[in-house]
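Each remark here refers to the structure printed beneath this line.
Residue numbers (my numbering): 1430 to 1833.
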């Protein structure tokens, strides 16, 4: 794998840390600003919506900018957003800082996915994408738990200042290691937009929204769920997030490996198992050991879907994949926003801290149904040309028989 993938992974590490660290700090942030846990959850929803809208916006704005330079500009925006969150005097200002940082997220991963795939041979593309996303998953093993620990001991503002420093390291890594490859000639915005007329691209994005949304329905509220229901101490949330992160690392690498071999079967298995595990979480959450194992499995199964879904979008948006790739990253975060909001709704309705797990199970099951539909449509589309070719061939054989 090229060294440039390390630079992309470094940037992904910083972005992954700021995206997920807020979940372990929701009680502290809520207490500091005097808001409820569901209200603090808007910091997750706001970030996710910023990614969703920022992904296409920033990608379109960067259509005339070389990819390396655009990646550097995005990391600069990420740094500014996290510094604003660190010094925010009010909840609304912190929410603005989260949104500013989120604007860099989708375009960085979208453009980064295209760059990563272009750096390797065709049969290694999903593996290269997974290597970049390893930075995001490792962030959940190292960056997020460490950030949670810092936030609980020294204050959550220090955590976001450290995250901004991570952004500086990511910016330096991109500047040093990513090759300065010019944009492909002949690709225009209308070509990028044409990808969205492909039903397979749209289905893959819908699977992304629902599948990863299932993960966030449960994980957004992991801190109150594990402390109030499972009976863990507040300090244990850090190590539970490590387990979640370890699951993400393993699932991401396995998903990348098998997506290059059998993409759709990989999606069937991961989405189906994710729906089952999320449903079972409503039971296992009442036992410390069982709940810890379940958190690991949610991370593994959820992130096993990321490389195959991203590769499927790239495959079906071939020729002009940058915008579609970035929008699919936005789709991950639309799922995050949708599920975080739905999780807050069921908690606020008095259904308890375990209710978001049922929301996640339903979303994952819906993603599995879309995967089955997508595969069926693909088989039908591939069978149609074969049938069209068979008709002239049969006619030729008939004519030949008459002639003889």
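Glycine included, C-beta positions come from ideal geometry on N, C-alpha and C. In this text the structure is predicted, and so the values were computed from the model without any measurement.
Using the rule of at least 16 other Cβ atoms within 10 Å of the residue's Cβ for burial, across every protein chain shown, is residue 1745 buried or exposed? buried
Opening and closing residue of the alpha helix (DSSP H) in which residue 1471 lies: 1471-1490
Where does the unbroken alpha helix (DSSP H) through residue 1577 begin, and where does it stop? 1573-1583
Is residue 1534 helix, strand or coil by DSSP? helix
Beta-carbon proximity check, residue 1640 vs residue 1812, cutoff 8 Å: no
Kindly list the residues whose CB is nearer than 6 Å to the CB of residue 1790, restricted to its own chain and excluding five residues on each side of it in sequence; keep chain order. 1704, 1707, 1708
Close-in-space but distant-in-sequence residues of the same chain around residue 1658 (CB under 7 Å, 5 per side omitted): 1714, 1715, 1782, 1783
What are the start and end residues of each continuous beta strand (DSSP E) run of 3 or more residues lying completely inside the segment 1728-1788, in chain order? none
Out of curiosity, what's the CA-to-CA distance linking residue 1701 and residue 1548? 32 Å
Grouping DSSP H, G and I as helix and E and B as strand, with all else coil, what is residue 1690? coil
Would you call the segment 1654-1670 and the segment 1766-1773 in contact, with 3 or more CB pairs under 8 Å? no
Assuming contact is defined by CB atoms lying nearer than 8 Å, are residue 1500 and residue 1540 in contact in what I supplied? yes
What does a CB cutoff of less than 7 Å around residue 1751 pick up in its chain, not counting 5 residues either side in sequence? 1488, 1539, 1540, 1543, 1621
Alpha carbon to alpha carbon, how far is residue 1723 from residue 1670? Give it in angstroms, no decimals. 12 Å
Residues in the same chain with beta-carbon distance under 6 Å from residue 1756, minus the five sequence neighbours each way, listed in chain order, please. 1484, 1485
Tell me, to the nearest whole angstrom, how far the beta carbon of residue 1446 is from that of residue 1592; I am working on the premise that it is less than 8 Å. 5 Å
Cβ-based burial, residue 1495 [other Cβ within 10 Å; buried from 16]: exposed
Buried or exposed by the 16-neighbour rule on C-beta atoms within 10 Å, applied to residue 1552: exposed
Give me, in chain order, the residues of the same chain whose beta-carbon lies closer than 7 Å to that of residue 1730; leave out the 5 immediate sequence neighbours on both sides. 1680, 1699, 1702, 1703, 1706
Confirm, please, whether the CB-CB distance from residue 1470 to residue 1528 is below 8 Å. no
Start-to-end residues for the alpha helix (DSSP H) that takes in residue 1461: 1433-1462
Tell me the DSSP secondary structure of residue 1514 in three-state form. helix
For the alpha helix (DSSP H) containing residue 1639, name the first residue and the last one. 1628-1648
Keeping to the same chain, check which residues put their C-beta closer than 6 Å to that of residue 1796; ignore five residues upstream and five downstream. 1636, 1639, 1640, 1700
Contact belief for residue 1607 with residue 1433 at Cβ below 8 Å, rounded distance in angstroms: 5 Å
Which term fits residue 1738, buried or exposed, when burial requires 16 or more other beta carbons within 10 angstroms of its beta carbon? buried
Using three-state DSSP, classify residue 1715 as helix, strand or coil. coil
How should residue 1605 be labelled, buried or exposed, when 16 other C-beta atoms within 10 angstroms of its C-beta is the threshold for buried? exposed
Hey, quick one: how far does the alpha helix (DSSP H) through residue 1562 stretch, first residue to last? 1554-1567
Out of 1561, 1646, 1693, which one is the CA nearest neighbour of residue 1452? 1646
Between residue 1745 and the ligand SAH, is the CB less than 7 Å from at least one heavy atom? Inclusion of the ligand SAH in the displayed structure is not the case, the ligand content being empty and no account of it being possible.
Look at the alpha carbon of residue 1584 and the alpha carbon of residue 1598, and state the distance between them as a whole number of angstroms. 22 Å
Can you grab the Cα-Cα spacing for the pair residue 1609 / residue 1493, in whole Å? 14 Å
By a C-beta neighbour count over all protein chains shown, 10 Å radius and 16 as the cutoff for buried, is residue 1490 buried or exposed? exposed
Just how far apart, CA to CA, sit residue 1465 and residue 1778? 14 Å
Inter-residue Cα distance where the pair is residue 1733 and residue 1619: 32 Å
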